[in-house]
Amino acid sequence: MSELTLTALRLGLLVVLWLFVLAVVGVLRADLFGTRVTARRTERARPRVPRAARGDAPDAGEPARPARATLVVVEGSLRGTTLAVGTAPVLIGRGPDCTLVLDDEYASTKHVRISPAPAGDGWVVEDLQSTNGSFLGRDRLTVPRPFEPGTPLRIGKTVLELRR
Amino acid sequence: MATVTPVYPATRRNTELALLVMAVVVATGAWAVVGLTEDGRLPPGLALYGGGLAGLAVLLHLVLRWKAAYADPVLLPVATLLNGLGLVVIHRLDLSSSRTDQAPRQLLWTAIGVVAAGAVLWLLRDHRVLRRYTFTAMVAGLVLLLLPLLPGIGRTINGARIWIGIGPLSFQPGELAKIVLAVFFAGYLVVHRDALSLTGPKLLFLRLPRARDLGPILVAWLASVGVLVLQRDLGTSLLFFGLFVAVLYVATERVSWIVLGLLLFVAGAVLAATTFSHVQERVAIWLHPFAPDNADQSYQLVQGLYGMANGGLLGTGLDRGRPDIVPFANSDFIYSSIGEELGLVGLFAVLLLYGVLVERGLRTAIAVRDGFGKLLAAGLAFSVTLQVFVVVGGVTRIIPLTGLTMPFLAAGGSSLVSNWIVVGLLLRISDLARRPAPEVRNGPGDTGVTQAVRIP
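Top to bottom, those sequences are chains S and B. First residue of the first sequence? That's 1 in this note's numbering, and the numbers climb one at a time after it. First residue of the second sequence? That's 1 in this note's numbering, and the numbers climb one at a time after it.
Following this line, the structure appears as structure tokens:
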């Protein structure tokens, strides 16, 4: 074996060793799993279109903006928490997959759902057969009811309100 | 605002097979290089070792395809390559010493280890079953630790009483104790972590735990000091205490436990360094390896350092250095043997492979959904980390030299078998972590109805 061949073998071994390491790293890069977080476009992130390009009529080609409101926890351990409600339904309960996870022993895993009203403006609140029930104002929720801003929604020890 | 949706990977068994082929090619290539450098032709044992390693790896791969299709695709190839590289270096050291039976023995132990990992995957369908045996694991761990102290079967080799011998076979039960104690720590802490994470008095910026919750950590500390005193084994004692503190931290998320653990560790280290002669000797050769007074004891460490210096960046090439000068070059000092012949470039590749192994373990711990599995995977991954750190730190003179072994690389059956079992357990947990959750029908028609869902 000539010296040159041996040097080539020696370096070649290191090269294939590192090729394996790089292949492993490549697999790790493609092997991401768990959860995928997609950032929604917010007001600020919306691309700015110059006014001149849009023309003088601001509502010419723009789609109607979905109504938005804020859900505020006014009583209970989460008091002060706010949550923006838009077009997507909001699930409230103790379960970890809820939009608003309550730390309330009297709440069920999936307690209520607040979804946009099918007929345009406003939201509808619906009790998901919770154990202790939900109260909209002073009445117990049995069927889906419109959720008016300012009406207290009681879930266990938590009280929520919708604010425009 | 952001939406969060789960992403589940495919099984990725074909990726694993491709990586496995690469790993076997690298290891077999290294074996061929040793033969070519030695006498200019391919060595006769090439087919046996390459084929043996490939056969064992494919065997485990098939078990995975059948029993744990969603398991992590990287763990098995990385472990196979590390094991293969260890075989090559051990074989290479056999060539330049009078003992020539180390590599065949290592291959035999590899086979036993792979079969043990396959048996874990085959018999243990769900790692949560282990939780039932929390206290059995504690008793088993203590018995395994104390076994070498029994007069009939215990053996003292090189000053440490950590071996048992039955006839010609000898085994270190402490290596298996590592696994069962990881099971015990995970099972115990998953139940008691709430109490242990309650905070007590606040000291500066640190929230200390309550005084009455200090019991478990003190018991673990006393046990590891006991191992140090009775068995004179610094490495095992360090491993157990480190493992306990790490799992405790993962379970409670309180930094104060790490601070407490480090304080207790420092107290124990100072105690040991001032009381026990064997620890004093280790500290002396760590601080002053080149002092003439220590020349006899520090010979091994100094030769290892010279070996790595001789290797330099790219190494001398397999079979072209003299790693055989170092005593125990194929077990305790296999790291410096690799450093001499593959250089810093080779060492970093090896360290990265360990890094990947540990990362996949911790990733499994993050992804798995049950608390026991999280703690067990984190504990097993951390035990590998701690071993690599203690060995590499000892050989490169960052910490005093202790008697642990490099996982998968070093010659020694007990360590190899127990590390394959660790990989088997991690594969089993990762299968459950990556398997898509069963479909739960929860349409408007059947709300509120309890459903029985079969979890595979």
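All C-beta atoms in this analysis are idealised placements derived from N, C-alpha and C, irrespective of residue type, glycine included.
Minimum Cα-Cα distance from residue 266 of chain B among the listed residues B:221, B:194, B:298 corresponds to B:221. Counting the other Cβ atoms within 10 Å of the Cβ of residue 411 of chain B gives 16 or more, which makes it buried. Residue nearest to residue 188 of chain B within the set B:379, B:403, B:340, B:383 is B:379 (criterion: CA-CA distance). Around residue 408 of chain B, the same chain offers 79, 82, 83, 86, 416, 419 as residues with beta carbons nearer than 7 Å, after the five sequence neighbours per side are excluded. With 16 or more other CB atoms across the displayed protein chains lying within 10 angstroms of its CB, residue 363 of chain B is buried. For the C-beta of residue 20 of chain S, the chain B residues within less than 7 Å are, from N- to C-terminus, 22, 23, 26, 81. With respect to residue 102 of chain S, residue 158 of chain S sits close: the two C-beta atoms are nearer than 7 Å.
In this structure, the beta-carbon distance from residue 164 of chain B to residue 151 of chain B does not fall below 7 Å.
A check of alpha carbon separations from residue 113 of chain S across S:14, S:160, S:78 identifies S:160 as the nearest. In chain order, 27, 31 make up the part of chain S whose C-beta sits under 9 Å from the C-beta of residue 73 of chain B. Between residue 311 of chain B and residue 339 of chain B, the CB-CB gap stays under 7 Å. DSSP, read as helix, strand or coil, puts residue 164 of chain S in coil. In this model, residue 375 of chain B and residue 74 of chain B are separated by some 21 Å (Cα to Cα).
Scanning its chain for C-beta atoms nearer than 6 Å, with the 5 sequence neighbours on each side dropped, one finds around residue 286 of chain B the residues 400, in chain order. Rounded to the nearest whole angstrom, the CA to CA distance from residue 343 of chain B to residue 89 of chain B is 13 Å. DSSP, reduced to helix, strand and coil, places residue 153 of chain S within a strand of the structure shown. The Cβ-Cβ distance between residue 85 of chain S and residue 69 of chain S falls below 7 Å. Between residue 210 of chain B and residue 278 of chain B, the C-beta spacing is not below 7 Å. In the DSSP assignment, the residues bridged to residue 100 of chain S are S:92.
Counting only residues of its own chain and dropping the five nearest sequence neighbours on each side, residue 337 of chain B has a CB closer than 6 Å to the CB of 89, 323, 329.
Contiguous alpha helix (DSSP H) elements confined to the region 83-138 of chain B occur at 102-123, taking only those with 4 or more residues. Contact between the region 12-24 of chain B and the region 299-306 of chain B is absent: fewer than three C-beta pairs spanning the two stretches fall below 8 Å.
Within chain B, 19, 22 have C-beta atoms less than 7 Å from the C-beta of residue 23 of chain S, given in sequence order. Residue state for residue 293 of chain B is assigned as helix, using DSSP reduced to three classes. Taking the C-beta atoms as reference points, residue 114 of chain B is found nearer than 7 Å to residue 60 of chain B. Residue state for residue 213 of chain B is assigned as helix, using DSSP reduced to three classes. When only Cα atoms are considered, residue 157 of chain B and residue 185 of chain B end up about 29 Å apart. Listed in chain order, the positions of the region 309-329 of chain B with a beta carbon within less than 9 Å of a beta carbon of chain S are 314, 315, 316, 317, 318, 320.
Not a single C-beta of chain B is nearer than 7 Å to the C-beta of residue 140 of chain S.
A Cβ of chain S is located within less than 7 Å of the beta carbon of residue 345 of chain B.
For the pair of segments examined, the region 91-98 of chain B was found to touch the region 21-39 of chain B: the number of CB pairs separated by less than 8 Å reaches three. Separation of residue 182 of chain B and residue 243 of chain B (C-alpha to C-alpha, rounded to the nearest whole angstrom) is 8 Å. Taking a Cβ-Cβ cut-off of 7 Å, the neighbours of residue 352 of chain B in chain S comprise 21, given in sequence order.
Apart from the 5 residues on each side of it in sequence, residue 315 of chain B sits with its Cβ closer than 6 Å to the Cβ of 341, 342, 343, 346 in its chain, given in chain order.
Collapsing the DSSP output to three states places residue 115 of chain S in a strand.
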